[in-house]
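The listed protein sequences derive, respectively, from chains A and B.
The UniProt record's numbering numbers the first residue of the first sequence as 1 and each following residue consecutively.
The UniProt record's numbering numbers the first residue of the second sequence as 1 and each following residue consecutively.
Cβ coordinates follow ideal geometry from the N, Cα and C atoms, glycine included.
For reference, the structure is listed below as C-alpha cells.
2 protein chains.
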Amino acid sequence: MSARNLLLLSSSRVHGHGYLEHARAQLEDLFKACHVKTVLFVPYALRDHDKYTALVRDAIAPWGYAVEGLHTKDDRGQALRDAQAIFVGGGNTFVLLRTLYQLQLLEPIREQVLQRGVPYVGSSAGTNVATRSIHTTNDMPVAHPPSFEALALVPFNINPHYLETDPNSEHKGETRDERISEFVAYHSRPVLGLREGTSVRVEGSKATLLGSRSAKLFQSDGGSRELQPLADLSFLLSQE
Amino acid sequence: MSARNLLLLSSSRVHGHGYLEHARAQLEDLFKACHVKTVLFVPYALRDHDKYTALVRDAIAPWGYAVEGLHTKDDRGQALRDAQAIFVGGGNTFVLLRTLYQLQLLEPIREQVLQRGVPYVGSSAGTNVATRSIHTTNDMPVAHPPSFEALALVPFNINPHYLETDPNSEHKGETRDERISEFVAYHSRPVLGLREGTSVRVEGSKATLLGSRSAKLFQSDGGSRELQPLADLSFLLSQE
Numbered sequence: 001m002s003a004r005n006l007l008l009l010s011s012s013r014v015h016g017h018g019y020l021e022h023a024r025a026q027l028e029d030l031f032k033a034c035h036v037k038t039v040l041f042v043p044y045a046l047r048d049h050d051k052y053t054a055l056v057r058d059a060i061a062p063w064g065y066a067v068e069g070l071h072t073k074d075d076r077g078q079a080l081r082d083a084q085a086i087f088v089g090g091g092n093t094f095v096l097l098r099t100l101y102q103l104q105l106l107e108p109i110r111e112q113v114l115q116r117g118v119p120y121v122g123s124s125a126g127t128n129v130a131t132r133s134i135h136t137t138n139d140m141p142v143a144h145p146p147s148f149e150a151l152a153l154v155p156f157n158i159n160p161h162y163l164e165t166d167p168n169s170e171h172k173g174e175t176r177d178e179r180i181s182e183f184v185a186y187h188s189r190p191v192l193g194l195r196e197g198t199s200v201r202v203e204g205s206k207a208t209l210l211g212s213r214s215a216k217l218f219q220s221d222g223g224s225r226e227l228q229p230l231a232d233l234s235f236l237l238s239q240e
Numbered sequence: 001m002s003a004r005n006l007l008l009l010s011s012s013r014v015h016g017h018g019y020l021e022h023a024r025a026q027l028e029d030l031f032k033a034c035h036v037k038t039v040l041f042v043p044y045a046l047r048d049h050d051k052y053t054a055l056v057r058d059a060i061a062p063w064g065y066a067v068e069g070l071h072t073k074d075d076r077g078q079a080l081r082d083a084q085a086i087f088v089g090g091g092n093t094f095v096l097l098r099t100l101y102q103l104q105l106l107e108p109i110r111e112q113v114l115q116r117g118v119p120y121v122g123s124s125a126g127t128n129v130a131t132r133s134i135h136t137t138n139d140m141p142v143a144h145p146p147s148f149e150a151l152a153l154v155p156f157n158i159n160p161h162y163l164e165t166d167p168n169s170e171h172k173g174e175t176r177d178e179r180i181s182e183f184v185a186y187h188s189r190p191v192l193g194l195r196e197g198t199s200v201r202v203e204g205s206k207a208t209l210l211g212s213r214s215a216k217l218f219q220s221d222g223g224s225r226e227l228q229p230l231a232d233l234s235f236l237l238s239q240e
C-alpha cells in the first residue's frame, strides 16, 4: 500500500466558496507533488456526464490543469492506465457504484491507485466509493448495485457531508448519528464523519485530517470522539 | 386487487404524541371493520425483535388488541396464513427487506394481503416495503438486499417522514426534494412524499390521504403538487 496517494473530500461545495474552491490548496499540493497536468474525471455519479465534466474543467482549468472525461474514452482501461490522476466526482453513490460494476472499472482503478501510485481524488460519492463500502452514504438508493463493497482504497468507512442533527427538531426520522451508529452495530467497523470543508489525505500508510473543522469518529465499539484538524488518522489504516 | 386493505403510516412517532397514538383512530377503524383481535407484528426492521414487539404490544394492548411477533413462530408461513392482520414496523428499510427476502416472506405476505384481504399496516420502513420498491427510503444502506423491489401492494413509491429541507441551511448535501426528483428522473415513476402524522388508506381500488397535513406528490413527469387531507389518491393505483 506504500504507493497510495489519496485526497478524499467530504464535498465539492462548501458554503461561501465556489465549486472546489475550498480544496484548491489541497488539490494543488497533491497534483504538484505528482507532476499532474491532466486529470481523468469519472462523472458517473450524475446523469449528464458532459455537463459534469465541464463543471470540473471550468473549476480547475484556471489553476493550470486539463480535465478529460472517462466517459469520452473508447478504451476506458487504457485511459485509466494512461491517467496522471483520477478524480471521481460526487452525486448519487448508488448510481456511481453500479456503473463502476457495470463497466468493470473497480479492479482497474484499484490497480492504478494501489499498485502504481496514481493519485486519486474523491468527493462525496467519490469518497464513499473509495472506502471499504458504500454502506454509510447519505444518498437515496435510486439504483441497485450488485454489492455495496467498493474500491477499499482505505479499510474504514466515511460518512461525507457529516453533520449533527438539530437537537430542537420536531422531526422523528432517525438522526445522522443514529443512522451511523446503526451501521456500526451491524458491522462493528469504524466510520469517520467528515464535515463539509474537511478531507482525508492518505500517503502510503499515513493519513491526516485536513480542513479547519473537526471530524467525528464513530468507533467500532460503539463509542465516538472528535478528531481535530491535522489529526493523524493513520491508526484507521492499520486494520488492513 | 379488490381484497386489498392497507394502512400505510409515514411514521409511528409524531411530535407531541405517544408511540402510534396519532394513528389510533385509523388503526381501530381498520381493525374493527375486519374484526381483528390479534395483530401479527413483523419486527425485522430493528435489531431487538422481542423488545420491538413489546413496544408495539404496550402501545395497542390498552386499546384491546393482542400482539404476536412473527419472529416467535416456528412456522412463519402458517402464522401468516392464520393472521387476522399483519403489521410491519419501521426501522431500517434495507435490513427489513433483506430479511423478508432471506426468510422468503414476500410472496406469502403478498398472497395474504392481495388475495385473501388480510389487513396490512405498515409504518415508515414497513410502508416503504409495502410499495413497489424501497428506492425512496431515507435510511442508510446498512444491509444489501438482493433487490430493491418490494411487496408492491401499491404500484407507486412513498417517501415516509417527508419534509422540506430548511431553505436557510448552509449545508450542501442534497435536499430531500432533490433526492426524490433524482429517483423520478431515473425511473419515471411517481413518489408520494408522506409527512409525519399522515398516512394512506387503501381499500381495494380506492386510496385516501389521512391525517391533518397535506402530502407532496412528485409526478412521473418531473412536476410536483400538494394533495390535501382526505384527497382521493385512487389515481395512483390506476397504473396497475
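So which residues of chain B does residue i contact, with C-beta pairs closer than 8 Å?
i, result
"Pro167 of chain A", "Here the premise fails: no neighbours, minimum Cβ distance about 13 Å."
If you count every other CB in all the chains shown that lies within 10 Å of the CB of residue i, and 16 or more means buried, which is it?
i, result
"Ser169 of chain A", "exposed"
"Phe235 of chain A", "exposed"
"Arg13 of chain A", "buried"
"Lys32 of chain A", "exposed"
"Ser147 of chain A", "exposed"
"Thr136 of chain A", "buried"
"Pro229 of chain B", "exposed"
"His15 of chain B", "exposed"
"His35 of chain A", "exposed"
"Pro167 of chain B", "exposed"
"Glu174 of chain B", "buried"
"Gly64 of chain A", "exposed"
"Pro145 of chain B", "buried"
"Ser223 of chain A", "Here residue 223 of chain A turns out to be Gly, not Ser, going by the sequence shown. Gly223 of chain A comes out exposed."
"Thr198 of chain A", "buried"
"Pro160 of chain A", "buried"
"Pro62 of chain B", "exposed"
"Thr53 of chain A", "buried"
Which chain A residues are close to residue i, counting only those with a beta carbon under 9 Å from its beta carbon?
i, result
"Leu163 of chain B", "His171, Gly173"
From the DSSP output, which residues share a beta bridge with residue i?
i, result
"residue 254 of chain A", "Residue 254 of chain A lies beyond the range of chain A shown here (1 to 240); nothing can be said about it."
"Asn157 of chain A", "A:Val191"
"Val67 of chain B", "B:Val39"
"Ala207 of chain A", "A:Val202"
"Tyr19 of chain B", "Paired residue(s): none; Tyr19 of chain B is not in a bridge."
"Asn5 of chain B", "B:Glu203"
"Ser224 of chain B", "B:Phe218"
"Tyr162 of chain A", "A:Arg195"
"Ser133 of chain B", "B:Glu149"
"Ser123 of chain A", "A:Leu9"
"Asp232 of chain B", "B:Thr208"
Which chain A residues sit within Cβ distance under 7 Å of residue i?
i, result
"Ser11 of chain B", "Lys172"
"residue 310 of chain B", "As shown, chain B starts at 1 and ends at 240. That puts residue 310 of chain B outside it, with no answer to give."
Anything in chain A within Cβ reach of residue i, meaning under 8 Å, just list it in chain order.
i, result
"Asn157 of chain B", "In chain order: nothing, as chain A lies at least about 10 Å away."
List, in chain order, every chain B residue whose beta-carbon is nearer than 7 Å to that of residue i.
i, result
"Phe148 of chain A", "Pro141, His144"
So which residues of chain B does residue i contact, with C-beta pairs closer than 9 Å?
i, result
"Asn92 of chain A", "Glu174, Arg179, Glu182, Tyr186"
Next item on the list: For the segment 132-146 of chain B, enumerate the residues whose C-beta is nearer than 8 Å to any C-beta of chain A, in chain order.
Entry: Ile134, His135, Thr136, Thr137, Asn138, Asp139, Met140, Pro141, Val142, Ala143, His144
Check: Is the number of C-beta pairs between the segment 174-185 of chain A and the segment 131-151 of chain B that are closer than 8 Å three or more?
Finding: yes
Checklist line | Residues, ordered as in the chain, of the segment 176-196 of chain A that lie near chain B by beta-carbon distance below 8 Å | finding: Arg179, Ile180, Glu182, Phe183, Ala185, Tyr186, His187, Glu196
Note to self: For the segment 44-60 of chain B, list every residue whose C-beta sits within 8 Å of some C-beta in chain A, in sequence order.
What the structure shows: Arg47
Item checked: Cβ contact check for the segment 109-117 of chain A and the segment 116-123 of chain B: 3 or more pairs under 8 Å -> no
Note to self: Quick check: the segment 76-90 of chain B against the segment 32-41 of chain B, are at least 3 beta-carbon pairs closer than 8 Å?
What the structure shows: yes
Item checked: Three CB pairs or more closer than 8 Å across the segment 17-25 of chain A and the segment 214-226 of chain A -> no
Note to self: Within 8 Å, do at least three Cβ pairs link the segment 184-202 of chain A to the segment 150-160 of chain A?
What the structure shows: yes
Next item on the list: Would you check if there are 3 or more beta carbon pairs closer than 8 Å linking the segment 125-132 of chain B to the segment 89-99 of chain B?
Entry: yes
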